[in-house]
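Worksheet: one structure, shown below.
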Amino acid sequence: MTLDLTLNVTTENAPAAPAKVTMPDAQTVTSVRHWTDSLFSFRVSRPQTLRFRSGEFVMIGLPGDNGKPLLRAYSIASPNWDEELEFYSIKVPDGPLTSRLQHIKPGDQIILRPKPVGTLVLDALLPGKRLWFLATGTGLAPFASLMRDPETYERYEQVVMMHTCRTAAELEYGRKLVESLESDPLIGEFVAGRLLYYPTTTREDSPFMGRITDNLTSGKALADLDLPPIDPANDRAMVCGSLAFNQDVKEVLEGFGLREGANSEPREYVVEKAFVGDGV
Ligand SMILES: Cc1cc2nc3c(=O)[nH]c(=O)nc-3n(C[C@H](O)[C@H](O)[C@H](O)COP(=O)(O)OP(=O)(O)OC[C@H]3O[C@@H](n4cnc5c(N)ncnc54)[C@H](O)[C@@H]3O)c2cc1C
Ligand SMILES: NC(=O)c1ccc[n+]([C@@H]2O[C@H](COP(=O)([O-])OP(=O)(O)OC[C@H]3O[C@@H](n4cnc5c(N)ncnc54)[C@H](OP(=O)(O)O)[C@@H]3O)[C@@H](O)[C@H]2O)c1
């Protein structure tokens, strides 16, 4: 598919008729949902040739003012069997891409470079009994994909989704997704009774509160979920959040005896940044 950009060319020698500029790698937006002032999700058409492993990310974007594509890394939030692609996005007020991307509507086109990559893939972990997904903010996105992949449940008996945000409203996309899974005709039978969800807030009262790091080290999450202590023989983890979060969780996991793995050398946990930078 190509992206049609209509330019009004009005020089002395050129006709006023619009000229068409085409761009490769365009996909059509099929739906958009705004969750808060700073979070939205959207779905786009999927290139027929795009194959990816759940948990990977691609580069997406819009044409820049200079005519060059303005691209950013985005985790694919949909599972690999979905006929469309879903993304879950921040809205950074002055962000070069998201200050514009947040205004997309169904029928609009975005650029999607069909070269998926990433470390948050099942192949980068050793077999085990229980898989922990540890995310803050939009770091949930790769797990929105992995939670919907039957292979996750074929490889692990139990999956624990820990997601922490400042406020309850920021948890809503993940909450709605998890709540829909047990009755999902495709994934429901895999998920039933085996996906444990532990959402917490840190700056607003809610049923469960506190940082993931604190809830793991204090044993509160384990007690609330009625799970045994984390142990490198059984537990595997995938981590996606800010740089500070990733660093602190790594320390916690290493403290439990888990080691960082990679595609080339599977071990007990893997980490990926949910974004680059230290603040908006
Ligand atoms: C591997 C990878 C995967 C990513 N996946 C996603 C995703 O699925 N969804 C998503 O919204 N973003 C994701 N990002 C971040 C994304 O690439 C962009 O940074 C984001 O879309 C903002 O783009 P921008 O041009 O508006 O602002 P940028 O100039 O890119 O960012 C400006 C500042 O905003 C803050 N920021 C950027 N992204 C986020 C975020 N997601 N959460 C909190 N603060 C942020 C940072 O402080 C950054 O310095 C990912 C980044 C990486 C490296
Ligand atoms: N102004 C606002 O209202 C607002 C709202 C959201 C985001 N932001 C900005 O956007 C940026 C990114 O936002 P974000 O929501 O993705 O990330 P964030 O605000 O840094 O954190 C999201 C969640 O992760 C927790 N967290 C942060 N660092 C951690 C660490 N080292 N270990 C364990 N848990 C940690 C936070 O807990 P704590 O609450 O305890 O820090 C919060 O619950 C931030 O830099 C922030 O300045 C601003």
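Numbering-wise, the working numbering puts 263 at position 262 of the sequence shown, and it's gapless, one number per residue. Ideal placement from N, C-alpha and C gives every residue a C-beta, glycine not left out.
| message | Glu171 and Thr37 - do their beta-carbons sit closer together than 8 Å? | response | The residue labelled residue 37 in the question sits at position 36 within the sequence shown. The residue labelled residue 171 in the question sits at position 170 within the sequence shown. Yes, they are a contact pair.
| query | Measuring CA to CA, which of Gly65, Ile91, Ile111 is closest to Val30? | reply | As a position in the sequence shown, residue 30 is number 29, starting the count at 1. Considering only alpha carbons, the answer is Ile111.
| said: Here's the rule: buried if 16 or more other CB atoms are within 10 angstroms of the residue's CB, otherwise exposed. What is Val118? | reply: If you number the sequence shown from 1, residue 118 lands on position 117. Exposed.
| Whole alpha helix (DSSP H) elements within the stretch 161–200, 4-residue minimum | 173–182, 189–192
| field | Complete alpha helix (DSSP H) runs within the stretch 94–159 (minimum length 4 residues, chain order) | value | 99–102, 142–147, 151–156
| said: Quick check: Glu266 and Arg237, are their CB atoms within less than 8 Å of each other? | reply: Residue mapping note: residue 266 aligns to position 265 of the sequence shown, counting from 1. Residue mapping note: residue 237 aligns to position 236 of the sequence shown, counting from 1. For Glu266 and Arg237, no; Cβs fall outside 8 Å.
| query | For Asp26, is the classification buried or exposed, using 16 other Cβ atoms within 10 angstroms of its Cβ as the cut-off for buried? | reply | For this step, residue 26 is matched to residue 25 along the sequence shown. Buried: at least 16 other Cβ atoms inside 10 Å.
| Mind checking whether the beta-carbon of Phe43 lies closer than 7 Å to any heavy atom of ligand 2? | Here residue 43 is taken as the residue at index 42 of the sequence shown, counted from 1. No - ligand 2 has no heavy atom lying nearer than 7 Å to the Cβ of Phe43.
| In or out: Ala275 buried (at least 16 other Cβ within 10 Å) or exposed? | Translated into positions along the sequence shown, residue 275 becomes position 274. The residue in question, Ala275, is buried, as its Cβ has 16 or more Cβ neighbours within 10 Å.
| With burial defined as no fewer than 16 other Cβ atoms inside 10 Å of the residue's Cβ, what is the status of Asn216: buried or exposed? | Taking the first residue of the sequence shown as position 1, residue 216 is located at position 215. It counts as buried.
| said: In this structure, how does DSSP classify Leu217 when only helix, strand and coil are distinguished? | reply: Within the sequence shown, the letter at position 216 stands for residue 217. Three-state result, Leu217: helix.
| query | So what's Asp274 in DSSP terms, helix, strand or just coil? | reply | Looking up residue 274 in the sequence shown gives position 273. A small fix is needed here, since residue 274 is Lys in this sequence, not Asp. Note: Lys274 maps to strand in three-state DSSP.
| said: Cutting at 7 Å between CB atoms, please list the residues of its own chain near Gly278, excluding the five before and the five after it. | reply: Taking the sequence shown and counting its residues from 1, one reaches residue 278 at position 277. Excluding positions up to five away in sequence, the list is empty.
| Just to check, is the beta-carbon of Thr203 closer than 7 Å to a non-hydrogen atom of ligand 1? | Here residue 203 refers to the residue found at position 202 when the sequence shown is read from its first residue. Every heavy atom of ligand 1 is 7 Å or more from the Cβ of Thr203, so no.
| Considering Ala245, what are the terminal residues of the alpha helix (DSSP H) in which it resides? | Taking the sequence shown and counting its residues from 1, the one referred to as residue 245 is at position 244. From DSSP, the alpha helix (DSSP H) with Ala245 extends over 244–256.
| query | Which class does Val22 belong to by DSSP, given the choice of helix, strand or coil? | reply | Here the question's residue 22 lines up with position 21 in the sequence shown. Note on Val22: pLDDT 44, under 50, position unreliable in the model; the coordinate value appears next. Strand.
| task | Could you say which of Cys241, Val250, Lys251, Val253 lies nearest to Gly138 if we only look at CA atoms? | result | Numbered from 1 along the sequence shown, position 137 holds the residue referred to as residue 138. Checking every option, the nearest Cα to that of Gly138 belongs to Cys241.
| request: Just mark Gly262 as buried or exposed, buried being the case when its beta carbon has 16 or more other beta carbons within 10 Å. | output: Within the sequence shown, the letter at position 261 stands for residue 262. Buried is the call here.
| message | So, under 8 Å CB-CB, Tyr154 and Val160 are touching, yes? Tell me the CB distance rounded to an integer number of Å. | response | Residue numbering aside, residue 154 sits at position 153 when the sequence shown is read from its first letter. Residue numbering aside, residue 160 sits at position 159 when the sequence shown is read from its first letter. So it is a contact: roughly 7 Å between Cβ atoms.
| request: Take the Cβ of Glu84 as the centre, count every other Cβ of all protein chains shown within 10 Å, and call the residue buried at 16 or more, exposed below. | output: Against the sequence shown, residue 84 aligns to sequence position 83. Classification for Glu84: exposed.
| said: Is there a C-beta anywhere in chain C that falls below 8 Å from the one on Gly262? | reply: Any reference to chain C falls outside this structure, which holds one protein chain only.
| query | Among Gly108, His35, Leu254, which one has its Cα closest to the Cα of Phe134? | reply | Here the question's residue 134 lines up with position 133 in the sequence shown. Out of Gly108, His35, Leu254, Leu254 has the C-alpha closest to the C-alpha of Phe134.
| field | Identity of the residue in Val250, Leu196, Ser219 nearest Ala136 by Cα | value | Walking along the sequence shown from the start, residue 136 turns up at place 135. Here the closest residue by C-alpha is Val250.
| When DSSP labels each residue in this structure, what does Ala224 get in the three-state scheme? | Walking along the sequence shown from the start, residue 224 turns up at place 223. The answer is helix: DSSP assigns Ala224 an H, G or I state.
| Helix, strand or coil for Trp36 per DSSP? | Stepping through the sequence shown from its first residue, residue 36 is reached at position 35. Strand.
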